[in-house]
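As structure tokens, the structure follows; a few thoughts come after it.
In mature numbering (1 follows the signal peptide of the UniProt record, and there is no 0), the protein residues as written are -23 to -1, 1 to 317.
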């Protein structure tokens, strides 16, 4: 099989891309671009819908060969801006405090905050919002690559089921109960960046995509970062309607369903002054040395969820997309994209 045959076989009858990126959960952003079906269609104006058979562009590679065989490729470059709201359960691996000093009251009382504070957590829920700018390019007729940059902010709310302190009094350790079922909230925000690749294929008006991306969020107020690997398979169907705008070809609507895999690790560190501690714990922290910092590690409770989405291609150069996630995590995403 030649390179051109291989390209056309994967493209088959259209090209679609759904690049996605998430900070904390995501997040994040994705945009979609679908080409015309492999067999050119006449629109109500009597011309071939968005014909690109005469176009010659550097990208995608082997694009001229694909057009010569009747495939109408999307514009090779894209820029989109999107917003995502994401809510999901997380598991707290550790909540701890670190200091180079030990709390002492003469020779009577001694307390090491690094090892003598025992905190157990219960249900934890994370909520985040992301606004992302994405730039992409079709490198091959069936492969899109992209980069993303934006801002993410969120909160993580957990229930501290039990807090005990092992205090050394007159040389002997005694357990002191600090509190139970206490609310704990951690707020964060930062800049997100990353990139990914999308592979696409279709048969007539059915299409499928596989998107892989990696993003990282560097936090502003507190130390630490959020690293996210997202893999998203989707399958859908395209509807073609009469032109909504004269001279711009047929209007298209794509609908799809799919699944999203997220592998996200989060670690937050910083000064205890940045925390909204419950009163029971604030009393203990008031005695802590000035250099005391917090250290929180957590990961997602569920890595998979379901998605459904739709995209409306108003013109060859502009489209609007939205997607909703459910089961294990709840998400809402909307974006607008220009292609050129």
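All residues carry an ideal CB built from backbone N, CA and C; glycine is no exception. Keep in mind that this is a model prediction, so the values were computed, not measured.
Check whether residue i and residue j have beta carbons under 9 Å apart
| i | j | result |
| --- | --- | --- |
| residue 200 | residue 245 | yes |
| residue 207 | residue 170 | no |
| residue 143 | residue 94 | yes |
| residue 155 | residue 141 | yes |
| residue 88 | residue 81 | yes |
| residue 317 | residue 56 | yes |
| residue 255 | residue 159 | yes |
| residue 296 | residue 313 | yes |
| residue 76 | residue 240 | no |
| residue 72 | residue 289 | no |
| residue 266 | residue 90 | yes |
| residue 151 | residue 127 | no |
| residue 136 | residue 99 | yes |
| residue 213 | residue 250 | no |
Burial state of residue i, where buried means 16 or more other Cβ atoms lie within 10 Å
| i | result |
| --- | --- |
| residue 191 | exposed |
| residue 162 | exposed |
| residue 219 | exposed |
| residue 84 | exposed |
| residue 230 | exposed |
| residue 66 | exposed |
| residue 188 | buried |
| residue 46 | exposed |
| residue 51 | buried |
| residue 259 | exposed |
| residue 227 | buried |
| residue 79 | exposed |
| residue 129 | buried |
| residue 96 | buried |
| residue 133 | buried |
| residue 261 | buried |
| residue 234 | exposed |
| residue 43 | buried |
| residue 223 | exposed |
Local conformation of residue i per DSSP, three classes
| i | result |
| --- | --- |
| residue 40 | helix |
| residue 251 | helix |
| residue 235 | strand |
| residue 258 | helix |
| residue 45 | helix |
| residue 114 | strand |
| residue 156 | strand |
| residue 161 | strand |
| residue 278 | coil |
| residue 223 | coil |
| residue 240 | strand |
| residue 301 | strand |
| residue 147 | coil |
| residue 52 | coil |
| residue 266 | coil |
| residue 316 | strand |
| residue 294 | coil |
| residue 182 | coil |
Cβ shell of residue i (< 7 Å), same chain only, five flanking positions each side left out
| i | result |
| --- | --- |
| residue 38 | 116, 117 |
| residue 53 | 34, 36, 37, 114, 115 |
| residue 248 | 270 |
| residue 123 | -5, 111, 112, 113, 172, 173 |
| residue 40 | 34, 50, 118 |
| residue 299 | 286, 287, 310, 311 |
| residue 139 | 97, 157 |
Chain-order list of residues whose beta-carbon lies under 6 Å from that of residue i (same chain, five-residue window excluded)
| i | result |
| --- | --- |
| residue 121 | -7, 113, 115, 175 |
| residue 237 | 209, 282, 284 |
| residue 225 | 292 |
| residue 305 | 279, 282 |
Contacts around residue i, its chain only, beta-carbon distance under 8 Å, and the 5 residues preceding and following it disregarded
| i | result |
| --- | --- |
| residue 68 | 101, 275, 276, 277, 278 |
| residue 216 | 182, 229, 230, 231, 232 |
| residue 106 | 60, 61, 62, 63, 129, 130, 131 |
| residue 315 | 55, 56, 57, 294, 295 |
CB contact check: residue i to chain B, cutoff 9 Å
| i | result |
| --- | --- |
| residue 314 | Protein chains in the displayed structure number just one, and chain B is not present. |
Tell me the start and end of each unbroken beta strand (DSSP E) in the stretch 57 to 100 that is at least 3 residues and wholly inside, in chain order. Complete beta strand (DSSP E) runs here, min 3: 80 to 82, 86 to 88.
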